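In terms of full-length UniProt numbering, the sequence shown opens at residue 1 and continues consecutively. Below is one structure, written out as structure tokens; comments come after it.
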Amino acid sequence: MSKAFKYSVLDLAPVRQHSTVSDSFQQSVGLAQLCEQLGYTRFWLAEHHGMKGIASAATSVLISHIAHHTSTIRVGAGGIMLPNHSPLVIAEQFGTLEALFPKRIDLGLGRAPGSDQATARALRRHLNQDPNEFPADVLELLDYLSAQPQGKIIATPGVGSEVPVWILGSSLFGAQLAAHLGLPYAFASHFAPAQLHEAVQFYRQHFQPSTYLAKPYVMLGVNVFAADSTKQAELLASSWQQSFVSLRTGQPIQLPPPVPNYYQSLAPAAKKLIDHLHTCTAIGDEATVAQELDDFLSLTRADELMITTNIYEPEARLRSYEITARALNAL
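Here you go:
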């Protein structure tokens with residue numbers, strides 16, 4: 001690793017088997033408070049709908065809850081799926097959050113529905129959108145948040161809040177839009193790494209400086225499972241592996257308890273699903289995680305890492321983030 005960097009948290013408010021949504025929210029608060037103490041830069045929550053294992057559907061509400069129980073860590077959306085919403089409503093929501101928690105709110109924007117097709121139909125005003133609508137909605141939202149909006153409609157709260165806006169993506173589309181608008185770019189490499197290097201290269205090469213950002217800024221998602229031993233970390237990671245395989249085969253589940261030798265028991269097709277993510281996943285003890293993250297940073301030159309850790313036992317998840325912070329600080 002050759003440059004200074006920041007590290008942050010992506011939390012899906014996972015709902016564990018044999019637990020409740022209320023438990024999930026309480027555990028997210030505890031994680032945010034610990035990560036604030038450990039020096040993580042931001043704590044982001046992602047909008048998903050219709051998934052029994054993810055409780056962050058009402059993303060703005062949960063952001064407010066987390067921000068209320070912390071004091072310095074930035075809290076935001078990673079992200080809001082803008083096609084599900086009116087840009088004016090999001091401007092008002094995040095303008096409100098910025099007024100409540102000044103200089104601590106981030107707004108990441110994605111164009112996927114964050115749901116299955118049936119749920120998407122229930123969420124969205126119309127499903128067959130013009131592909132140019134997302135960029136237009138982003139521009140509309142940026143205008144609502146600006147100090148001197150060009151449109152006739154004024155977002156109150158929202159106007160003048162200048163909440164930092166990020167473009168999220170897992171393909172070239174988001175990279176192109178972020179580069180064109182001069183916005184920071186977050187790539188979802190933790191679950192869709194296929195176009196990681198191509199997208200980041202395009203973003204950096206075509207970035208246009210703007211009033212929002214003078215030079216390119218890249219944040220990359222990484223799955224991390226850290227424990228006091230590599231064997232223990234591999235066991236803890238099996239909960240995430242089970243959940244991911246279930247999701248990719250069309251049967252999303254609540255986060256399950258770990259299963260010894262789960263990966264070894266999988267059929268080749270299921271193993272391939274997990275292997276696809278190994279370039280953006282670190283599993284092991286502190287030294288192993290430090291080496292794998294150092295290699296990833298050296299390869300990608302990321303400005304910031306967004307760490308996501310879906311571990312069944314709450315205490316083990318806290319411990320993983322603690323070990324990860326120590327590993328990153330030691331690089």
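All residues carry an ideal CB built from backbone N, CA and C; glycine is no exception. Being a predicted model, the structure only gives us computed values, none of them experimental.
Just the Cα atoms here: how many angstroms apart are residue i and residue j?
i: Gly174; j: Ile167; result: 6 Å
i: Leu235; j: Gly30; result: 23 Å
i: Gly78; j: Gln264; result: 32 Å
i: Leu181; j: Val159; result: 19 Å
i: Asp106; j: Gly76; result: 4 Å
i: Glu229; j: Leu45; result: For clarity, residue 229 is Ser in the given sequence; the question names Glu instead. If I take the Cα positions, the gap works out to 29 Å.
i: Arg326; j: Tyr203; result: 30 Å
i: Phe191; j: His197; result: 14 Å
i: Gly108; j: Met81; result: 9 Å
i: Arg317; j: Gln251; result: 24 Å
i: Pro216; j: Leu299; result: 17 Å
i: Phe5; j: Thr279; result: 19 Å
i: Gln205; j: Arg42; result: 26 Å
i: Val200; j: Glu304; result: 13 Å
i: Asp143; j: Ser8; result: 27 Å
i: Pro87; j: Ala267; result: 44 Å
i: His49; j: Ala112; result: 11 Å
i: Ile73; j: Tyr262; result: 35 Å
i: Pro157; j: Val89; result: 10 Å
i: Ala282; j: Leu34; result: 21 Å
i: Met1; j: Leu328; result: Low confidence applies here, because Met1 scores a pLDDT of 42, under 50, leaving its location unreliable; read the following figure in that light. If you take the alpha carbons of Met1 and Leu328, they lie about 10 Å apart.
i: Gln93; j: Ala147; result: 16 Å
i: Glu313; j: Met306; result: 21 Å
i: Asp294; j: Ala287; result: 10 Å
Quick check on residue i: does DSSP put it in helix, strand or coil?
i: Ala77; result: strand
i: Gly39; result: coil
i: Tyr263; result: helix
i: Gly110; result: strand
i: Val218; result: strand
i: Lys6; result: strand
i: Asn223; result: strand
i: Ala327; result: helix
i: Glu304; result: strand
i: Asp228; result: coil
i: Pro14; result: strand
i: Ile253; result: coil
i: Leu45; result: strand
i: Ile311; result: coil
i: Ile54; result: strand
Do residue i and residue j have their C-beta atoms within less than 8 Å of each other?
i: Ala290; j: Ala227; result: no
i: Ser210; j: Gln195; result: no
i: Ser64; j: Ala13; result: no
i: Gly221; j: Phe187; result: yes
i: Ile274; j: Gln241; result: yes
i: Leu183; j: Val165; result: yes
i: Ala99; j: Ala155; result: no
i: Ile66; j: Ser28; result: yes
i: Ser60; j: Leu97; result: yes
In the DSSP assignment, find the unbroken beta strand (DSSP E) run with residue i in it and report its ends.
i: Val165; result: 165-169
i: Ile283; result: 281-284
Report the residue from the options whose alpha carbon sits nearest the alpha carbon of residue i.
i: Arg248; options: Tyr262, His276, Lys215; result: His276
i: Glu47; options: Ser28, Asn84, Leu273, His18; result: Asn84
i: Ser19; options: Gln232, Gln254, Tyr7; result: Gln254
i: Glu292; options: Ala147, Phe225, Ile153; result: Phe225
i: Leu213; options: Cys35, Ala179, Gln17; result: Ala179
i: His69; options: Glu36, Ser161, Gln150; result: Glu36
i: Lys103; options: Ser71, Ser246, Val138; result: Ser71
i: Lys52; options: Arg16, Tyr321, Pro193, Lys271; result: Arg16
i: Gly169; options: Gln150, Ile153, Val218, Arg301; result: Val218
How far does the alpha helix (DSSP H) with residue i in it extend, from its first residue to its last?
i: Glu98; result: 87-100
i: Phe187; result: Premise fails: Phe187 lies in the beta strand (DSSP E), 185-187, not in any alpha helix (DSSP H).
i: Thr59; result: 59-68
i: Pro193; result: It is not in any alpha helix (DSSP H) - Pro193 carries neither H nor E in the DSSP assignment.
i: Tyr212; result: Taken as a continuous stretch (DSSP letters only), Tyr212 belongs to no alpha helix (DSSP H), as it is neither H nor E.
i: Ile274; result: 268-275
i: Glu133; result: 133-145
i: Gly174; result: 172-181
Using a Cβ-Cβ distance cut-off of 8 Å, determine whether residue i contacts chain C.
i: Ala91; result: Among the chains in the structure shown there is no chain C, since it carries only a single protein chain.
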